[in-house]
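**Q** One structure is given below, represented as C-alpha cells, and several questions about it will come after.
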Amino acid sequence: MQTAFLHFAYRTDCLNKAFCLGLLSLVFLAQFTVVMLRYLFNIGFIQLQDTVSYSFAVLCILAVPTALRSDAHVRVDIFRAEQSPATARRFDVAAVIFFLIPVFGLTLWHAYPLVAYSWSIFEGSRETGGLPGFFLVLTALPITCALALIQGLAILLDSKILSEKEAAS
Amino acid sequence: MTVEAVWLCVLAISLFGAILSGVPVMLAIAGAPMIVAFVASMFGHFDLSYLAAFPQRVFGVMNNPLLVAVPLFVLMGILLERSQQAEKLLINITRLMGQTRSVLVLSVLFISTLIAASTGIIGATIIMLGMISLPTMLKAGISARLGSGLICASGTLGQIIPPSIVLILLGDQISNAYLEAQQSVGNFAPEPVSVGDLFAGALLPGFVLVCLYGVYCLIALTWDARDPERASIEGKIGETDGGMPTIGSLLMEIAPPVLLIVSVLGSILFGIATPTEAASIGVAGTILIAAGNLGEARPSARLISVATVVLAAIALTMQRYGLTKIDFSQGHHTFTLSNVIGCIIGAGMALGILLSLFALFRARMLVPSLHKTVQISAMIFGIIIAASMLSLVFRGFDGDELVATLLTGLPGGHWTLLLLTMLGIFLLGFVLEFIEIVFIVVPIVGPILLQADIHPVWFAILIALNIQTSFLTPPFGFALFYYRSVAPSDIATLEIYKSVIPFVILQLITICIVVVFPALATWLPDLLFG
Numbered sequence: 000m001q002t003a004f005l006h007f008a009y010r011t012d013c014l015n016k017a018f019c020l021g022l023l024s025l026v027f028l029a030q031f032t033v034v035m036l037r038y039l040f041n042i043g044f045i046q047l048q049d050t051v052s053y054s055f056a057v058l059c060i061l062a063v064p065t066a067l068r069s070d071a072h073v074r075v076d077i078f079r080a081e082q083s084p085a086t087a088r089r090f091d092v093a094a095v096i097f098f099l100i101p102v103f104g105l106t107l108w109h110a111y112p113l114v115a116y117s118w119s120i121f122e123g124s125r126e127t128g129g130l131p132g133f134f135l136v137l138t139a140l141p142i143t144c145a146l147a148l149i150q151g152l153a154i155l156l157d158s159k160i161l162s163e164k165e166a167a168s
Numbered sequence: 000m001t002v003e004a005v006w007l008c009v010l011a012i013s014l015f016g017a018i019l020s021g022v023p024v025m026l027a028i029a030g031a032p033m034i035v036a037f038v039a040s041m042f043g044h045f046d047l048s049y050l051a052a053f054p055q056r057v058f059g060v061m062n063n064p065l066l067v068a069v070p071l072f073v074l075m076g077i078l079l080e081r082s083q084q085a086e087k088l089l090i091n092i093t094r095l096m097g098q099t100r101s102v103l104v105l106s107v108l109f110i111s112t113l114i115a116a117s118t119g120i121i122g123a124t125i126i127m128l129g130m131i132s133l134p135t136m137l138k139a140g141i142s143a144r145l146g147s148g149l150i151c152a153s154g155t156l157g158q159i160i161p162p163s164i165v166l167i168l169l170g171d172q173i174s175n176a177y178l179e180a181q182q183s184v185g186n187f188a189p190e191p192v193s194v195g196d197l198f199a200g201a202l203l204p205g206f207v208l209v210c211l212y213g214v215y216c217l218i219a220l221t222w223d224a225r226d227p228e229r230a231s232i233e234g235k236i237g238e239t240d241g242g243m244p245t246i247g248s249l250l251m252e253i254a255p256p257v258l259l260i261v262s263v264l265g266s267i268l269f270g271i272a273t274p275t276e277a278a279s280i281g282v283a284g285t286i287l288i289a290a291g292n293l294g295e296a297r298p299s300a301r302l303i304s305v306a307t308v309v310l311a312a313i314a315l316t317m318q319r320y321g322l323t324k325i326d327f328s329q330g331h332h333t334f335t336l337s338n339v340i341g342c343i344i345g346a347g348m349a350l351g352i353l354l355s356l357f358a359l360f361r362a363r364m365l366v367p368s369l370h371k372t373v374q375i376s377a378m379i380f381g382i383i384i385a386a387s388m389l390s391l392v393f394r395g396f397d398g399d400e401l402v403a404t405l406l407t408g409l410p411g412g413h414w415t416l417l418l419l420t421m422l423g424i425f426l427l428g429f430v431l432e433f434i435e436i437v438f439i440v441v442p443i444v445g446p447i448l449l450q451a452d453i454h455p456v457w458f459a460i461l462i463a464l465n466i467q468t469s470f471l472t473p474p475f476g477f478a479l480f481y482y483r484s485v486a487p488s489d490i491a492t493l494e495i496y497k498s499v500i501p502f503v504i505l506q507l508i509t510i511c512i513v514v515v516f517p518a519l520a521t522w523l524p525d526l527l528f529g
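From first to last, the protein sequence lines stand for chains P and V. Under numbering that gives the first Met the number 0, the first residue of the first sequence is numbered 0, with each subsequent residue one higher. Under numbering that gives the first Met the number 0, the first residue of the second sequence is numbered 0, with each subsequent residue one higher.
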C-alpha cells in the first residue's frame, strides 16, 4: 500500500515535470513567434499572445510541487547546517504537517468554488477574440494543491525523497 | 496595545522562527502566518474569511504579464552558463583589458550591472551571477567574501537601474498618492508623475551606487592582497590565461553575448520592446550562441547558427526600410515581392532556431537547462505566492491601519515622518516582497507625506533605494536567500552575511547622498520631461 502510493507519487511527479518542460518550451516558442510577427511583419494574433499567458500561468503554479519534491525551494540554513540529519528530518516533517498540508489544503478548499464557477460558464479569454479555455488554466491551481499534498505525504512516508539528488542538475 | 498589535508581534516572531528553522522559505512564509491566523481565530481575533481571498491572489500572480519575463530570463542565464559562454565572456574581457584581479572584479561589476538592468528581477539575476561569475572569480583567487558580496549587491542593482519592475509599480502608486495629497491641500492641477520620470530619476543615483561599489572593490582587493594566504595564489591568474584573445575568439566568444545583452537592455530602455519580448529574443540569441560554440565536433551547428544570424541581420535591415511590413490597410492583404522574401527569410530563421535547439538537445544541454529553469522559476514564484498569504494575514490583523495610526500621530513634521517611513520600509523589506511593500506602504504614507513640499520623484527614488538595501541586509534579505541557493556549500551562510555588510553601508551612504542632494534624482527628469 505504502510502496504503491510512493510509486504513484513518483509517477505523478515525472509526468508533471515533463509537462512543465513542455510548457516552458511553449512559452518561449510562442513569445518568440509573437515578437517576430509583430516586429517583422507588423501582424499579431491574440490567440498566440494568449498561448503565452496561459502556458506561463499554468507553468508558474504547476512547477511549485515538483520543486517541493526535488527540494529546490530555497532554505535559510544558518541553523540547519548545525543540525543532525535526524533533527533536520523532524523539522521537515513538521513543515509538511503544519505548513504544507494546511496551506495547500485551504487553498484547494477556497479555490474550488472559483474554479467550479469558471467551469460552469466555460470562461474564456479576457481579450475579445482570444483563446477559449481559460477555465482550464484556473484548474491548474487545485491540481497544484493536490500534487503538493501528494508529494507532502510522500515526503512524510519516505525520508529519502528530499535527499535524492537530481541526476540531471 | 491593542489585541491586533499583540497578534502582529506573535506573527513576526513565529515567521522569523519558521524561516530560521531551515524549512523551505516558501512554506515558512505561507504557513506560519496561516497558523497564527488559525490560532487567533480560535480566540475570535481573526476573521478567517480573509484567507478565502488567497486563491484570487494566486490567480493574480499567474496572470501577471510582467512576470512572464522571469522564466525566460532565467533560461537565458542558464543557457549562457551551461554553454560556458558567460564564463568565457568574463575571462576574455579580463584578458582584453589586462590580466589583473581588479580588472576582473570591475568587469564582473560591469557585466552584473548590464545583466541586472536587463532582467530587473533579483532572483533571476543573483542566481545567474552566482553560477557565472563566482567560479571565475574564485579561480582567479578573489576571496569568496568579496565575490559573494559583489554578486549579492550587484544582483539587487536591477531594482534601481531602469528598466526595473519596482520603478514601474512605484510610478503607478506614487502618482496616485501625489494626486490625492495635492488635491487635499487645494492644488487641483498638480504635475503628473510618470514611470518615465522615475526611470530618468533613478539613472544618476544608480550610477553613483555602481561607482561606489567599484571603488570599494578596488580597496578590498588591495586589502586582500596583503593577506599572505591570498598572495600565494597570485600566480594562478597568469597560468590559466593564454594571453590576448585571438580575433576568432573575439568574434565568436566575446562579441555575440555582449551584443546580445546590450541589445536586450537597449530595446527595453528605449521602449522598443517590453521586458518579456526582449527576454524571448535574448533566449533565441543565447540558443544560437550556445549552438554555435558547441565546438569542433559539431561544425554544422556553427554553420547553422551563423547562417541564422546573417538571415536575422538581413531581416532587420529589410524591416528598417519597411520592406517586410504586411499591409492590411486596403482591407485585404497584398503581398509584394519583398513580403515574400521576408517570409522566406523568417521561415529560414525559424528553421535555424529549431535546428540549433535540436543540436543543443543532441549535446544533452537542452533538457537539463529547461529542467533547471523550471525549478528556479518555481522557487521564485513560490516566494511571491507565499508573500501574498503573509500580506493577507497582515491586513487581516489590521496591520496596515496600525501603521497608519502610528505614522499620523507623530510629532516633528514631515522629516520625522519621512525618516520613520524609510525605517519602516527597511524593516518590512526583510519579510515582504517589494510588490507588497509598494502596495501597502505608499498608499498609507504617500498621501500624508506628499502634502508637504516633497518632490514625488525624489521620494520614489528614496523608497526604491531603501527597498533595494533591505533586500541585501542579513539575515532576511531576499537577495541572500537566492544567493544561498546557488552558492557552493563550502561558503558558510554566516560568511555570506559578513560579505554584504560593506555593501549595505555603501547603500546607506548613497541614500544619504540622495537625501542631501535631491537634485540627483530630480534634475534629469525635469530636464527631459520639463
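Positions of the beta carbon are idealized from the N, C-alpha and C atoms, including for glycine.
Could you list the residues in the stretch 98–119 of chain P with a C-beta less than 7 Å from some C-beta on chain V, going in chain order?
**A** Phe98, Leu99, Pro101, Val102, Leu105, Thr106, His109, Ala110 and Leu113
**Q** So, is Cys511/V buried or exposed, given that buried needs 16 or more other C-beta atoms within 10 angstroms?
**A** Within the second sequence, the letter at position 512 stands for residue 511/V. Cys511/V comes out exposed.
**Q** Could you have a look at Pro64/P and say whether DSSP puts it in helix, strand or coil?
**A** Along the first sequence, one-based indexing puts residue 64/P at 65. In the three-state reduction of the DSSP assignment, Pro64/P falls in the helix class.
**Q** What's the gap between the Cα of Glu238/V and the Cα of Asn91/V?
**A** If you number the second sequence from 1, residue 238/V lands on position 239. If you number the second sequence from 1, residue 91/V lands on position 92. Any answer about Glu238/V is weak, because its pLDDT of 41 lies below 50 and its placement is not dependable; what the coordinates show is given next. Put simply, the backbone Cα of Glu238/V is about 14 Å away from that of Asn91/V.
**Q** Round the Cβ separation of Ala176/V and Pro442/V to the nearest angstrom and send it over; I've been treating them as touching at under 8 Å.
**A** Counted from its first residue, the second sequence places residue 176/V at position 177. Counted from its first residue, the second sequence places residue 442/V at position 443. That belief holds up - the Cβ atoms of Ala176/V and Pro442/V are roughly 6 Å apart, short of 8 Å.
**Q** What does a CB cutoff of less than 7 Å around Ser168/P pick up in its chain, not counting 5 residues either side in sequence?
**A** Locating residue 168/P in the first sequence gives position 169, where the first residue counts as 1. In this predicted model, Ser168/P has a pLDDT of only 35, less than 50, meaning its place in the structure is not dependable; the value taken from the coordinates is given anyway. Only residues of its own chain outside the window of five on either side were considered, and among them none has a CB closer than 7 Å to the CB of Ser168/P.
**Q** Using a C-beta to C-beta distance shorter than 8 Å, which residues of chain P count as neighbours of Leu325/V?
**A** Within the second sequence, numbered from 1, the residue matching residue 325/V stands at position 326. Correcting the residue type first, residue 325/V is Ile in the shown sequence and not Leu. Under the 8 Å cutoff, chain P gives Phe40, Asn41 and Ile42.
**Q** Which one of Leu418/V, Asn186/V, Gly395/V and Leu526/V has the shortest CA to CA distance from Ala39/V?
**A** Position 40 of the second sequence holds residue 39/V. Minimum Cα distance to Ala39/V is reached at Gly395/V.
**Q** Which term fits Phe103/P, buried or exposed, when burial requires 16 or more other beta carbons within 10 angstroms of its beta carbon?
**A** Looking up residue 103/P in the first sequence gives position 104. Its Cβ being crowded by 16 or more others within 10 Å, Phe103/P is buried.
**Q** Per DSSP, which one or two residues make a beta bridge with Pro23/V?
**A** Numbered from its first residue, the second sequence carries residue 23/V at position 24. Paired residues: Arg74/P.
**Q** With 8 Å as the threshold, decide whether the Cβ of Thr372/V is near any Cβ in chain P.
**A** Reading the second sequence from its first residue, position 373 is the one you call residue 372/V. True, the Cβ-Cβ gap to chain P drops below 8 Å.
**Q** Counting only beta-carbon atoms, is Phe7/P nearer than 8 Å to chain V?
**A** Here residue 7/P is taken as the residue at index 8 of the first sequence, counted from 1. Interface flag for Phe7/P against chain V is unset, since no Cβ pair is found closer than 8 Å.
**Q** With a CB to CB cut of under 7 Å and the five nearest residues on each side skipped, what residues in its chain are close to Pro70/V?
**A** On the second sequence, position 71 is the one that residue 70/V refers to. Result list for Pro70/V: Thr372 and Ser376, in chain order.
**Q** On the criterion of 16 or more Cβ atoms from any shown chain inside 10 Å, does Arg94/V qualify as buried, or is it exposed?
**A** Position 95 of the second sequence, counted from the start, is the residue given in the question as residue 94/V. By the neighbour-count rule (16 or more Cβ atoms within 10 Å), Arg94/V is buried.
**Q** I'd like the list of long-range same chain contacts for Val60/V, defined as Cβ closer than 6 Å, with 5 residues on each side in sequence excluded.
**A** The count along the second sequence starts at 1 and reaches residue 60/V at position 61. Taken in chain order, the residues that qualify are Ile383 and Ile384.
**Q** What is the residue span of the alpha helix (DSSP H) that His109/P lies within?
**A** Taking the first residue of the first sequence as position 1, residue 109/P is located at position 110. In the DSSP annotation of this structure, the continuous segment of the alpha helix (DSSP H) that includes His109/P starts and ends at Ile100 to Ser119.
**Q** With 8 Å as the threshold, decide whether the Cβ of Ser124/P is near any Cβ in chain V.
**A** Within the first sequence, the letter at position 125 stands for residue 124/P. Taking CB atoms only, Ser124/P has no neighbour in chain V less than 8 Å away.
**Q** Give the straight-line distance between the Cα atoms of Ile125/V and Met251/V, rounded to the nearest whole angstrom.
**A** For this step, residue 125/V is matched to residue 126 along the second sequence. For this step, residue 251/V is matched to residue 252 along the second sequence. Approximately 26 Å, taken between the alpha carbons.
**Q** If the cut is a Cβ gap below 8 Å, which residues of chain P does Gln318/V touch?
**A** Here residue 318/V refers to the residue found at position 319 of the second sequence. Those within 8 Å of Gln318/V in chain P are Tyr38 and Leu39.
**Q** By how many angstroms is the C-alpha of Ile173/V removed from the C-alpha of Ala51/V?
**A** Residue numbering aside, residue 51/V sits at position 52 when the second sequence is read from its first letter. Residue numbering aside, residue 173/V sits at position 174 when the second sequence is read from its first letter. Their backbone Cα atoms lie some 29 Å apart in a straight line.
**Q** Under 8 Å, Cβ to Cβ, is there at least one residue of chain V near Phe31/P?
**A** Translated into positions along the first sequence, residue 31/P becomes position 32. Closer than 8 Å: yes.
**Q** Buried or exposed for Met0/P, please, with buried defined as at least 16 other CB atoms from any protein chain shown within 10 angstroms of its CB.
**A** As a first step, residue 0/P is located in the first sequence; it is residue number 1 there, counting from the start. So Met0/P counts as exposed.
**Q** Give the interface partners of Ser69/P over in chain V, defined as CB-CB distance under 8 Å, in chain order.
**A** Mapped onto the first sequence, residue 69/P falls at position 70. Result: Gln374.
**Q** Check this for me: beta carbons of Gly351/V and Thr307/V, under 8 Å apart or not?
**A** Reading the second sequence from its first residue, position 352 is the one you call residue 351/V. Reading the second sequence from its first residue, position 308 is the one you call residue 307/V. Contact flag set, yes.
**Q** How about Ala362/V: is its C-beta nearer than 8 Å to some C-beta of chain P?
**A** As a position in the second sequence, residue 362/V is number 363, starting the count at 1. Chain P, which has no Cβ nearer than 8 Å to the Cβ of Ala362/V, makes this no.
**Q** Closer than 6 Å by C-beta to Gly234/V: which residues in its own chain qualify, once you throw out the five before and the five after it? Chain order, please.
**A** For this step, residue 234/V is matched to residue 235 along the second sequence. Per-residue confidence for Gly234/V stands at a pLDDT of 46, beneath the threshold of 50, marking its modelled position as unreliable; no derived number is given.
**Q** Please confirm if Phe45/V has its CB atom under 8 Å from at least one CB of chain P.
**A** Here residue 45/V refers to the residue found at position 46 when the second sequence is read from its first residue. No, Phe45/V does not count as interfacial toward chain P.
**Q** State buried or exposed for Ser142/V, treating a residue as buried only when at least 16 other CB atoms are found within 10 Å of its CB.
**A** Taking the first residue of the second sequence as position 1, residue 142/V is located at position 143. The residue in question, Ser142/V, is buried, as its Cβ has 16 or more Cβ neighbours within 10 Å.
**Q** What's the gap between the Cα of Val9/V and the Cα of Asp397/V?
**A** The residue you call residue 9/V lines up with position 10 of the second sequence. The residue you call residue 397/V lines up with position 398 of the second sequence. Each residue's alpha carbon lies about 14 Å from the other.
**Q** Decide if Ala94/P is buried, meaning its Cβ has at least 16 other Cβ atoms within 10 Å, or exposed.
**A** Numbered from 1 along the first sequence, position 95 holds the residue referred to as residue 94/P. Classification of Ala94/P: buried, given that the 10 Å Cβ count is 16 or more.
**Q** Pop quiz: Leu20/P and Leu369/V are said to be a contact at Cβ under 8 Å. What is the actual Cβ separation, rounded to whole angstroms?
**A** Residue numbering aside, residue 20/P sits at position 21 when the first sequence is read from its first letter. Residue numbering aside, residue 369/V sits at position 370 when the second sequence is read from its first letter. Yes, Leu20/P and Leu369/V are in contact; Cβ-Cβ is about 5 Å, under 8 Å.
**Q** Helix, strand or coil: how does DSSP classify Arg125/P here?
**A** Translated into the one-based positions of the first sequence, residue 125/P becomes position 126. DSSP places Arg125/P in coil when its eight states are reduced to three.
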